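In this note's numbering, the protein residues as written are 1 to 223. One structure is given here, and the rest of the page talks about it.
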């Protein structure tokens, strides 16, 4: 179990610091339905990430270890393919970054958050956690790392639970700040939102690059 948690933890941290989900929950905390929308968003995020991870574990099965105790060939290839996918996403992020002094374009869903209800907040979180290509590839990579580290189904799901908890810290942190500081949290959260929007491309490029290289290195090392 420890090896599965250790293999997936760096990727969970990558999900943790993904800017857009954090920006979304920050925006919800300054609406009229701040608490209900934020908690619905957290629930949708957990369900989305956990569902993708569960599906990967079930689909990849319990054949994580080969007869000689090493990583099987298919698992090494999957890691390399996922790593290449992460590197391609990093390249796309870098090429799409705003030019110096240029305001990064805001996704259309940001403008609609003011009128969100809890079901819409849940749906947005599910989409960002389970459908958004960057996050989807990260969660699949994390679950694949878990499966390739252990063939014990119970250990796989314990490791997935740890992965989901760590991956949720980023979107949960603004909610904790809001609950602790109340109305005084507005300025802190606004500064956080502005910084993450401005630096989204750079943050994601570095994350995807590092995690992509790690996945490729792990895959090559297992061949």
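Yeah, the Cβ is synthetic: ideal placement off N, Cα and C, and Gly gets one too. Bear in mind the structure is a predicted one, so any value in this text is a computation, not a measurement.
| Check | Outcome |
| --- | --- |
| Exposed or buried, residue 154, counting other C-beta atoms within 10 Å across all chains shown (16 or more means buried)? | exposed |
| Is residue 204 close to chain D? Criterion is C-beta to C-beta, closer than 7 Å. | Absent from the structure is chain D; it holds one protein chain and no more. |
| Alpha carbon to alpha carbon, how far is residue 75 from residue 156? Give it in angstroms, no decimals. | 15 Å |
| For the alpha helix (DSSP H) containing residue 39, name the first residue and the last one. | 34 to 60 |
| Between which two residues does the alpha helix (DSSP H) carrying residue 75 extend? | 73 to 95 |
| Rounded to the nearest angstrom, how far is the Cβ of residue 147 from that of residue 57, given a contact under 8 Å? | 6 Å |
| Among 145, 14, 88 and 19, which has the Cα closest to the Cα of residue 197? | 19 |
| Report buried or exposed for residue 133, applying the criterion of at least 16 other Cβ atoms within 10 angstroms of its Cβ. | exposed |
| Quick check for students: name the residue ranges of the alpha helix (DSSP H) that lie wholly in the stretch 133 to 189, counting only runs of 4 or more. | 133 to 149 and 153 to 181 |
| Between residue 108 and residue 195, what straight-line distance do the alpha-carbon atoms span, to the nearest angstrom? | 19 Å |
| Name the residue from 42, 216 and 162 whose alpha carbon lies nearest to the alpha carbon of residue 26. | 42 |
| Using beta-carbon positions only, say whether residue 168 and residue 46 come within less than 7 Å of one another. | yes |
| Taking the Cβ atom as the reference point for each residue, do residue 226 and residue 3 lie within a distance shorter than 7 Å? | Because the chain here runs from 1 to 223, residue 226 falls outside it and cannot be looked at. |
| My output table needs one value for residue 117: the three-state DSSP class, helix, strand or coil. | coil |
| Kindly list the residues whose CB is nearer than 6 Å to the CB of residue 14, restricted to its own chain and excluding five residues on each side of it in sequence; keep chain order. | 138, 207 and 211 |
| Is it the case that the Cβ atoms of residue 219 and residue 80 are separated by a distance below 7 Å? | yes |
| Looking at the unbroken alpha helix (DSSP H) that takes in residue 9, where does it start and where does it end? | 2 to 16 |
| Are the Cβ atoms of residue 126 and residue 37 separated by less than 7 Å? | no |
| Could you compute how far the alpha carbon of residue 261 sits from the alpha carbon of residue 152? | Residue 261 lies beyond the stretch modelled for the chain, which goes from 1 to 223, so this question has no answer here. |
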